[in-house]
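Q:
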Amino acid sequence: MLKKAMSFNGTNEKLIEKILQQEQDELIHRMKEKPAGTAINRALRDNLFVMFVCILNRIPVILCGKPGCSKTLAIQIIISNLKGKKSNDSYFEQLPELIAVSYQGTKTCKSESIQLVFER
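Residues in the sequence shown are numbered from 22 upward in steps of one, following the numbering used here.
In structure tokens form, the structure reads like this:
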């Protein structure tokens, strides 16, 4: 099923994977603001790429995963690099500055309280 879904007009899934890998590598290379000693593993690479694409396209995204799989690190790296004109990379300078708004939800949160955060 996955192979069929990833095939597009005869393009095989290996080519698509290669293109995505190259785009991820380019994005991570441009992100100069990273904590020293950060290991760029598969989880961090995927989280950075998904968050970046979703943020730029204003697509809501929820990352789920076990503790330690780079969810928080990924958003910290993105926030520190997407500074608009103050960015350390010419590509990121062209993008709008990211203003982070955090919300610590719990199981008892109501949608109204989450909506209030985004209306500020």
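All C-beta atoms in this analysis are idealised placements derived from N, C-alpha and C, irrespective of residue type, glycine included.
Since this is a predicted model, take the numbers as computed values, not measurements.
(1) If you pair each beta-carbon of the segment 63-71 with each one of the segment 34-54, do three or more pairs fall below 8 Å?
(2) Just reading off the alpha helix (DSSP H) that L116 is part of, what are its end residues?
(3) Does DSSP put D67 in a helix, a strand or coil?
(4) Assuming Y112 and R51 form a contact by the criterion Cβ under 8 Å, report the distance between their Cβ atoms to the nearest whole angstrom.
(5) Thinking C-beta only, is L119 closer than 8 Å to I83?
(6) Output yes or no for whether 8 Å exceeds the beta carbon distance between K55 and I96.
(7) Quick one, are the C-beta atoms of G105 and P117 less than 8 Å apart?
(8) On the DSSP letters alone, give me the boundaries of the alpha helix (DSSP H) that I37 sits inside.
(9) Take Q45 as the anchor and find which of T59, G58, V74 and N33 has the nearest alpha-carbon.
A: According to the data block:
(1) Using a Cβ-Cβ distance cut-off of 8 Å, the segment 63-71 and the segment 34-54 are in contact, since at least three pairs of beta carbons, one from each stretch, lie closer than that value.
(2) Where L116 is concerned, there is no enclosing alpha helix (DSSP H), given that its DSSP letter is neither H nor E.
(3) Judged by DSSP in its simplified three-state form, D67 adopts helix.
(4) Sure, about 6 Å apart at Cβ, within 8 Å.
(5) Not in contact: I83 and L119 (Cβ atoms no closer than 8 Å).
(6) Not a contact, by the Cβ cut-off of 8 Å.
(7) Yes, the pair counts as a contact, with Cβ atoms nearer than the cut-off.
(8) Taken as a continuous stretch (DSSP letters only), the alpha helix (DSSP H) holding I37 covers E34 to R51.
(9) Residue V74 is the option with its Cα nearest to Q45.
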